[in-house]
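Protein chains in written order, with our numbering: chain G, 21 to 303; chain C, 21 to 303. Ideal Cβ positions, reconstructed from N, Cα and C, are used throughout, including at glycine.
There are 2 protein chains.
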Amino acid sequence: MCQLLGMNCNTPTDIVFSFEGFRLRGGLTDSHADGFGIAFFEGKGVRLYHDDKPSASSPVADLIKTYQIKSENVIAHIRKATQGEVNLANTHPFVRELWGEYWVFAHNGNLRDFHPAIGEFYRPVGNTDSERAFCFILEQLRQRFTEKPAESVLMQHIACLVKEIRAHGLFNLLMSNGDLMFAHASTLLHYIVRKAPFGEAVLLDDDINIDFAAVTTPNDRVAVIATLPLTTNECWQQIAVNELVCLREGEVVFSDAPEPKQFMSIDEGLCIARSVGAAGACD
Amino acid sequence: MCQLLGMNCNTPTDIVFSFEGFRLRGGLTDSHADGFGIAFFEGKGVRLYHDDKPSASSPVADLIKTYQIKSENVIAHIRKATQGEVNLANTHPFVRELWGEYWVFAHNGNLRDFHPAIGEFYRPVGNTDSERAFCFILEQLRQRFTEKPAESVLMQHIACLVKEIRAHGLFNLLMSNGDLMFAHASTLLHYIVRKAPFGEAVLLDDDINIDFAAVTTPNDRVAVIATLPLTTNECWQQIAVNELVCLREGEVVFSDAPEPKQFMSIDEGLCIARSVGAAGACD
């Protein structure tokens, strides 16, 4: 299974600490060795880095570590390809413009029989189910709204579209327009909101710790979202099965989930991921 | 004035030699020190690197040197900002999807009173005249053709749109869909086609030379396009004033120019660029 990493905060923050743990899962501490991609919003612009090398050993990932780009919204994806070739057009995250804003999307999972009609406004360039799903969401939003609707309307519509797509299979996603960060779980997705008083965190995948109090101000609020928790000594919240949450400035501002909420165990989630992989689909 | 660099070839080729000379103009041998961007097509995908640091000293540019990405179509841009802030949303090249293909665009020059109506399909994210021109071209193509038209029709339509836009001012551009490379000159744009028998080339901006015979096969054909010639010992062809050329696999396949062709001297071109800069516009 591929893995997702996201960050949403109220002040430009570098993601190096979380990314260091995350990238090691691409070929070193785990087997997601078929490339990676990361998108950083800076204002309305997006800085996008893709590489088809494993993230653990990629020179592009090394650059991200040394460059320490600060961003309020980041989406990263490491890939374990089980179908199709490893090529750039199929590498997440994907980017499109809608209503004069860039939208960024990454997915893990597998959608069966998901072949919506060719869009009037958005078409996939590669051949993944993921890019089809992203284009479908944007197409439906643009068909319905010539101009960006009120935020509550936007969130409700995205929730409806996500429900429609997940009927086709596993649909763990991260999507952002540089302001809002949407996260939806079919299986595993966790998040943590770090705010004052900041403490120390210890990476699960590497012998690294950080004292956030030394690198933040008391007003900072930083949400990190990842397929699996990245640190050992913090309490990560799990997103429920079929729950969509939306964050802004590091806090959850919208949630849509079936009641009662159900949470998948990590073992079960990984087992499903492996069986999806064995069935030949993870994009 | 900003500077442009493009490459179009019949086999994936690394642009490191040309890029090394070009990037030094971003802050070292010339004063284009307000960031740069470069887009590499790989198949249908695009690898895009932007940086708001001067290209001569950018760690992203260092990565491009060491990584030696091979591509059949490359567009790079270094910026001398004279209006507006230096931010990511305003950094060339710009990318959009049209007919299921990524299109990449970079511009130098200055368009006056160019404010087309808001597009149905494409809208700018930043606030440069350049991105407005790119979105206008794509919008008009998409409005006219739901599906990609025959190539000759496409080229003629792009030639018409370029004529319409250049009535507003200086419009030196590079644009590619990963197959065709369009180049239009209002002032200065030069190109060279390298093919067998390959010789040695010496960079104008650095003490570097290369023996292309050692790094190519006899079938390779590589066109390099740049605002100003990059080498001292090769014969670069100048694109005429108001000429649009289109290249594929390293050779010119279409040209549209007023007769008789007029060629601007480098001194005159640089003088115009400086006066445009002084008037406060170069995006």
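**Asked** At which residues does the beta strand (DSSP E) containing Gly65(C) begin and terminate?
**Response** 65 to 71 is the span of the beta strand (DSSP E), which, as asked, contains Gly65(C).
**Request:** Would you check if there are 3 or more beta carbon pairs closer than 8 Å linking the stretch 195 to 203 of chain G to the stretch 219 to 226 of chain G?
**Result:** No, because fewer than three Cβ pairs between the stretch 195 to 203 of chain G and the stretch 219 to 226 of chain G fall closer than 8 Å, the two stretches do not touch.
**Asked** Taking DSSP as the reference, what is the three-state secondary structure of Gly219(G)?
**Response** Three-state DSSP puts Gly219(G) in coil, outside helix and strand.
**Request:** Counting only the same chain and skipping the five closest in sequence on each side, list residues whose C-beta sits under 6 Å from that of Val244(C).
**Result:** Cβ within range, chain order: Met27, Ser38, Ile212.
**Neighbourhood of Gly189(C) by C-beta, 7 Å cutoff - its chain only, sequence neighbours within 5 removed** = The residues Gly129, Asn130, Leu131, Arg132, in chain order, have a CB closer than 7 Å to that of Gly189(C) in the same chain once the five nearest residues on each side in sequence are set aside.
**Asked** Which residues mark the beginning and the end of the alpha helix (DSSP H) in which Val36(C) is found?
**Response** Counting along the chain, the alpha helix (DSSP H) containing Val36(C) begins and ends at 36 to 44.
**Message:** In whole angstroms, give me the CA-to-CA distance for Phe42(C) and Gln258(G).
**Reply:** In a straight line, the C-alpha of Phe42(C) is about 49 Å away from that of Gln258(G).
**Request:** Note down, in chain order, all residues in the stretch 85 to 119 of chain C with a beta-carbon under 8 Å from any beta-carbon belonging to chain G.
**Result:** When C-beta distances to chain G are compared with 8 Å, the residues of the stretch 85 to 119 of chain C below that value are Thr86, Tyr87, Asn107, Leu108, Ala109, Asn110, Thr111, Val115, Arg116, Glu117, Trp119, in chain order.
**Item:** From Met284(G), Leu44(G), His70(G), Val80(G), residue whose alpha carbon lies closest to that of Ala126(G)
**Value:** Closest by alpha carbon: His70(G).
**Asked** Can you find a CB in chain C that lies within less than 8 Å of the CB of Pro144(G)?
**Response** Interface flag for Pro144(G) against chain C is set, since a Cβ pair is found closer than 8 Å.
**Item:** Residues of the stretch 65 to 82 of chain C whose Cβ lies closer than 9 Å to any Cβ of chain G, in chain order
**Value:** Result list: Gly65, Val66, Arg67, Leu68, Tyr69, His70, Asp71, Asp72, Pro79, Val80, Asp82.
**Prompt:** So does the stretch 109 to 116 of chain C actually touch the stretch 142 to 152 of chain C, counting three or more Cβ pairs closer than 8 Å?
**Reply:** By the Cβ criterion, the stretch 109 to 116 of chain C is in contact with the stretch 142 to 152 of chain C, since at least three pairs of Cβ atoms, one from each stretch, lie closer than 8 Å.
**Request:** For my contact list, Ser206(G) and Phe218(G) are in at a C-beta cut-off of 8 Å; report their separation, rounded to the angstrom.
**Result:** Not a contact, Cβ separation roughly 32 Å.
**Message:** Per DSSP, what are the beta-bridge partners of Lys90(G) in this structure?
**Reply:** Paired residues: Asp34(G).
**Message:** Between Glu40(C) and chain G, is any beta-carbon pair separated by less than 8 Å?
**Reply:** Answer no: the Cβ-Cβ gap between Glu40(C) and chain G never drops below 8 Å.
**Prompt:** Hey, would you say Cys29(C) sits closer than 8 Å to Glu121(C), going by beta carbons?
**Reply:** No, these two residues do not count as a Cβ contact at 8 Å.
**Message:** Measuring only the C-alpha atoms, how far is Leu267(C) from Arg294(C)?
**Reply:** Approximately 29 Å between the Cα atoms of the pair.
**Prompt:** At a Cβ threshold of 8 Å, is Gly329(C) touching chain G?
**Reply:** This structure cannot settle anything about residue 329(C), because the visible part of chain C is limited to 21 through 303.
**Message:** Give me, in chain order, the residues of the same chain whose beta-carbon lies closer than 6 Å to that of Glu271(G); leave out the 5 immediate sequence neighbours on both sides.
**Reply:** For Glu271(G), where only same-chain residues beyond five positions count, there are no Cβ hits under 6 Å.
**Asked** Per DSSP, which one or two residues make a beta bridge with Ala137(G)?
**Response** Secondary-structure assignment with DSSP links Ala137(G) through no beta bridge to anything.
**Asked** Distance, Cα to Cα, Glu62(G) vs Asp34(G)?
**Response** Counting only the Cα atoms, Asp34(G) lies some 12 Å from Glu62(G).
**Message:** For Val213(G), list the residues DSSP reports as bridge partners.
**Reply:** Looking at the DSSP output, Val213(G) bridges to Ala243(G).
**Asked** What's the gap between the Cα of Ala301(C) and the Cα of Glu184(C)?
**Response** Its pLDDT being 41, under 50, Ala301(C) is placed unreliably by the model, and the measurement read from it follows with that caveat. In a straight line, the C-alpha of Ala301(C) is about 20 Å away from that of Glu184(C).
**Prompt:** Across which residues does DSSP place Phe61(C) in a beta bridge pair?
**Reply:** Per DSSP, the beta bridge partners of Phe61(C) are Val66(C).
**Message:** So with CB distances below 7 Å, who are the chain G contacts of Phe141(C)?
**Reply:** Within 7 Å Cβ-Cβ: Phe141.
**Prompt:** From which residue to which residue does the alpha helix (DSSP H) around Glu159(G) run?
**Reply:** Counting along the chain, the alpha helix (DSSP H) containing Glu159(G) begins and ends at 149 to 164.
**Prompt:** Are the C-beta atoms of Glu121(G) and some chain C residue less than 8 Å apart?
**Reply:** Judged by the 8 Å Cβ criterion, Glu121(G) is in contact with chain C.
**Prompt:** Taking Cβ positions only, does Glu271(C) come closer than 8 Å to chain G?
**Reply:** Not an interface residue.
**Message:** According to DSSP, simplified to helix, strand and coil, what is Gln258(G)?
**Reply:** Of the three classes helix, strand and coil, the one that applies to Gln258(G) here is strand, per DSSP.
**Prompt:** Is there at least one Cβ from chain C nearer than 8 Å to Glu159(G)'s Cβ?
**Reply:** Using a CB distance cut-off of 8 Å, Glu159(G) does not count as an interface residue toward chain C.
**Asked** Sorted by chain position, which residues of the same chain lie with C-beta nearer than 7 Å to Pro32(C)'s C-beta, five sequence neighbours on each side aside?
**Response** Answer for Pro32(C): Lys90, Ser91, Glu92, listed in chain order.
**Item:** Inter-residue Cα distance where the pair is Ala233(C) and Phe274(C)
**Value:** Whole-angstrom Cα-Cα distance: 28 Å.
**Prompt:** Where does Ser285(C) sit, in a helix, a strand or coil, going by DSSP?
**Reply:** Looking at Ser285(C) - three-state DSSP - the assignment turns out to be coil, as it is neither helix nor strand.
**Request:** Enumerate in chain order the residues of its own chain whose CB-to-CB distance from Ile230(G) is below 6 Å, with the five nearest sequence positions on each side excluded.
**Result:** Contacts found: Phe37, Ala221.
**Request:** Say whether chain C places a C-beta atom closer than 8 Å to the C-beta of Glu151(G).
**Result:** With 8 Å as the cut-off, Glu151(G) does not count as an interface residue toward chain C.
**Prompt:** To the nearest angstrom, how far is it from the Cα of Asn262(C) to the Cα of Glu117(C)?
**Reply:** CA-CA distance, Asn262(C) to Glu117(C), rounds to 27 Å.
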